[in-house]
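Just below is one structure, and these are the notes that go with it.
Protein chains in written order, with this note's numbering: chain A, 14 to 458; chain B, 7 to 163.
See below:
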């Protein structure tokens, strides 16, 4: 990976330049004083300006499969959320349990987990959290237990599929693992982790949730049918969503990447959305949807891929992989366990996206030790389980947590960092322990 | 034609420390829909109108825009509950701190542009160079002015 052709600025050692850029940028990202997309793009620019990588190498390092999959799904979600189907499902779920608070908490958590598995977590919580506040306001009880359960549900649900959580998208893309692979290997354990989480949440909050008969009657007065705003668009959105998810499951067989499916689905829904309208309305609708795509996240990824490519070029990640293997004595079971637990703790405390971006080349360079890329697969599951579930450990562990916390704060129900961590960290460790047992029994014994 | 020639000079104002219930009475007694909030020296601090009150009654999670419409929700009594809560709050707690403000020397075109650009109030507050409140131009004042004056008068005055 060393590239002697590059002219590093002032004749400095490229390893030190690259590692310094990475550490400084990650450090400032963690301080959360500046926009993370701006920082990652600055870091990426520095990698090229300082001569660690050329522009061509930097662009080659961007994983356009991840970028395309994220962008495509964001477009599909931006359109389908306009139909009101998420509110419909949330209210329907609340009414199915006759307005009983604990029942509502469980139902909304399941809805959150399922949507998070099929869409991105941030969008899911952004859609479910406001309805949750509306419902808890009607019930006259505090929303914290509900929001707490939803944060866990979104990260657990996101673990189940290739498209559920950004770390999985990155891992799937880098390791050439399909939607089906994720479904067969990660999805089976998530219901068990969800069940365990709900039992613990029942002991923490569930016993104390009570609402008056009048409040429950108020919930039954909600009319979910009025939530559906645009039935033709709902049909188009559901059609495209089903096709896209169906496409993901068979893509691998036809040698198609998930990004192709997602982008094609997005383009098809953009076309269907305004079918039959005049050009002016079509342009207007298209521009509205483009404005809703989270470009901050997309450009954050672009910058991050370039930063990691820079560090990878210097060979330092390969060196770290060797050090890790020395620590675990080159033992596969120990390495998988270490990846799971280190990923979980790290993802609870720092943004799991840069962490996974750095871990991917590190695990890739372990391939020779363990006998080729095929042998690495259990390590990818360890990384995915650790990074996704670890996000539950603190309020800053995952983007969805931050979104819920920010939203709750603005809505007058702030979630304190330490209070959340007190409830969440141990619960997160318990879920990792379950994941460890699962990994051991299925792949390592 | 400048802002100072079409504005209403007979003003109803309130101070930042008055209570909401006092201002609601004021809106009702004087039959106005907007009251500028000024300090002792007549400097503008903000403005308060009927929509400002209503938006402080609706829960934040709806105002924030994540639930753009809630046709499925019954009346949960939250409006009345919040209404009782805010009556004793101070004007400065709920007022709009960034009302539409124009200078006395601004043209009719400029005042109209300011009104439609900010799109929140039907009124613009007219101030002098020291930012002291002189009057109010309502969107209806502009229509009346266009109706009443000849083109020459509109340019010359």
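Beta carbons are placed, not taken as given, at the ideal position from N, Cα and C, and that holds for glycine.
Counting other Cβ atoms within 10 Å of its Cβ, residue 388 of chain A stays below 16 and is therefore classed as exposed. In this structure, residue 355 of chain A lies away from residue 80 of chain A, with their beta-carbon atoms at least 8 Å apart.
Contact annotation: in the region 235-260 of chain A, residues whose CB is within less than 8 Å of a CB in chain B are 235, 236, 237, 238, 239, 240 and 242. The closest CA to that of residue 367 of chain A, considering only A/180, A/115, A/157 and A/262, is found on A/180. The region 83-103 of chain A makes contact with the region 264-282 of chain A, as at least three CB pairs between them are under 8 Å. When secondary structure is reduced to three states using DSSP, residue 265 of chain A falls in the helix class. DSSP places residue 51 of chain A inside the alpha helix (DSSP H), whose first and last residues are 49-62.
About 7 Å separates the Cβ atoms of residue 166 of chain A and residue 129 of chain A, confirming a contact at the 8 Å cut-off. Around the beta carbon of residue 365 of chain A, 16 or more other beta carbons lie within 10 angstroms, which makes this residue buried. Collapsing the DSSP output to three states places residue 239 of chain A in a helix.
Annotated three-state conformation of residue 186 of chain A is helix, per DSSP. A straight-line Cα-Cα distance of about 43 Å links residue 102 of chain A and residue 41 of chain B.
In this chain, residue 83 of chain B is not harboured by any alpha helix (DSSP H), its DSSP state being neither H nor E. Secondary structure note for residue 405 of chain A: it is in no alpha helix (DSSP H), with a DSSP letter that is neither H nor E. In the three-state DSSP reduction, residue 233 of chain A falls in the helix class (H, G or I). Less than 8 Å divides the Cβ of residue 309 of chain A from the Cβ of residue 50 of chain A.
Residues of chain B with a Cβ closer than 7 Å to the Cβ of residue 423 of chain A are, in chain order, 66 and 70. The C-alpha of residue 440 of chain A is placed about 35 Å away from the C-alpha of residue 75 of chain A. The CB of residue 150 of chain A comes closer than 8 Å to the CB of 65, 82 and 84 in chain B, given here in chain order. Taking a C-beta distance under 8 Å as the contact criterion, residue 237 of chain A and residue 105 of chain A qualify as a contact pair.
Around the beta carbon of residue 81 of chain B, fewer than 16 other beta carbons sit within 10 angstroms, so the residue counts as exposed. According to DSSP, residue 55 of chain B shares a beta bridge with B/40. Identification of residues in the region 102-117 of chain A having a C-beta nearer than 9 Å to some C-beta of chain B yields 104, given in sequence order.
From the beta-carbon of residue 26 of chain B, no residue of chain A is found nearer than 8 Å; the closest lies around 18 Å away.
Think of a sphere of 8 Å around the beta carbon of residue 89 of chain B: no beta carbon from chain A falls inside it, the nearest being about 15 Å out. DSSP places residue 107 of chain B within a strand segment (E or B) once states are collapsed to three. Residue 353 of chain A places its beta carbon less than 8 Å from that of residue 399 of chain A.
Here DSSP, grouped into helix, strand and coil, assigns residue 199 of chain A to coil. Counting only the Cα atoms, residue 334 of chain A lies some 12 Å from residue 342 of chain A.
Within 9 Å of the CB of residue 100 of chain A, the CB atoms of chain B belong to 73, 76 and 78, in sequence order along the chain. Residues of the same chain with a CB within less than 8 Å of the CB of residue 415 of chain A, apart from the 5 flanking positions on each side, are 408 and 409 in chain order. Chain-order list of chain B residues neighbouring residue 59 of chain A: empty, with the shortest C-beta distance near 37 Å, by a criterion of under 9 Å. Within the region 373-426 of chain A, the runs of alpha helix (DSSP H) at least 4 residues long that lie entirely inside it are, in chain order, 380-383, 390-403 and 412-423. Buried is the label assigned to residue 203 of chain A, since at least 16 other Cβ atoms lie within 10 Å of its Cβ.
Residue 326 of chain A sits in a helix when the DSSP states are folded into three classes. A distance of 8 Å or more separates the beta carbons of residue 109 of chain A and residue 98 of chain A.
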